[in-house]
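A.B. asks:
In my numbering, the protein residues as written are 437 to 603.
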């Protein structure tokens with residue numbers, strides 16, 4: 437982990453803790469930060485995989501698992517990371533393929549960490565972007581990119597342009 441990334445996580449968590457303690461809501465998600473619940477063992481991990489793919493294909497980012505933005509009620513909900521999900525976490529590096537369907541090893545682009553927060557733990561996933569000549573990677577045959585606070589499917593035209601760039 438870079439010192440800058442760890443400092444960024446600390447800043448985000450300070451803001452979230454302040455919001456929780458003071459019943460306030462100030463949005464923390466952006467083009468480089470995603471919050472996910474995934475606090476229970478039956479959690480659906482496809483959204484984590486999709487966000488990881490988007491961060492790989494754009495400018496990288498940080499995924500915090502165990503806290504989420506409840507936008508409907510304008511609040512943060514902290515549930516913590518359930519370590520029984522550790523087997524799912526380990527599969528993240530095996531989820532992605534290149535444009536020809538070949539599995540792509542992203543182990544050098546992803547790091548994991550945990551952090552104490554409130555009365556529990558968070559899982560932190562640090563995702564470094566791919567080099568331009570390695571883009572784009574696909575999750576379930578779709579490539580995603582991060583735009584503002586959301587993951588969007590990359591258009592076929594953009595994918596074709598990237599293939600021509602790599603050639």
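For glycine and all other residues, C-beta sits at the position ideal for the given N, C-alpha and C.
According to the neighbour-count rule (16 or more other Cβ atoms, all chains shown, within 10 Å of its Cβ), is residue 531 buried or exposed?
C.D. replies: Within the chain shown, residue 531 is the residue found at index 95, counting from 1. The residue in question, residue 531, is buried, as its Cβ has 16 or more Cβ neighbours within 10 Å.
A.B. asks: Report the residue from 508, 502 and 486 whose alpha carbon sits nearest the alpha carbon of residue 521.
C.D. replies: Looking up residue 521 in the chain shown gives position 85. Of the candidates 508, 502 and 486, the one whose C-alpha sits nearest the C-alpha of residue 521 is 502.
A.B. asks: So the candidates are 597, 440, 549 and 592; which of them puts its Cα closest to the Cα of residue 519?
C.D. replies: Working through the chain shown from its first residue, we reach residue 519 at position 83. The shortest C-alpha separation from residue 519 is found at 549.
A.B. asks: With a 10 Å radius around its C-beta and 16 neighbouring C-beta atoms as the bar for buried, classify residue 490 as buried or exposed.
C.D. replies: Looking up residue 490 in the chain shown gives position 54. Residue 490 should be labelled buried.
A.B. asks: Excluding sequence positions up to five away, which residues of its chain have a Cβ less than 6 Å from the Cβ of residue 534?
C.D. replies: Counting from 1 along the chain shown, the entry for residue 534 is found at position 98. Within the same chain, residue 534 has close Cβ partners 540.
A.B. asks: Since residue 468 and residue 484 should fall inside the 8 Å C-beta cutoff, what is the C-beta to C-beta distance between them, to a whole number of angstroms?
C.D. replies: Within the chain shown, residue 468 is the residue found at index 32, counting from 1. Within the chain shown, residue 484 is the residue found at index 48, counting from 1. With 8 Å as the limit, residue 468 and residue 484 do not qualify as a contact, their Cβ atoms being about 16 Å apart.
A.B. asks: Applying the criterion that 16 or more other CB atoms from any shown protein chain within 10 Å of the CB defines a buried residue, is residue 571 buried or exposed?
C.D. replies: Along the chain shown, one-based indexing puts residue 571 at 135. Classification of residue 571: buried, given that the 10 Å Cβ count is 16 or more.
A.B. asks: Looking at C-alpha atoms only, which residue of 482, 551, 481 and 486 is the closest neighbour of residue 581?
C.D. replies: Here the question's residue 581 lines up with position 145 in the chain shown. If we check each option's Cα against that of residue 581, 486 comes out closest.
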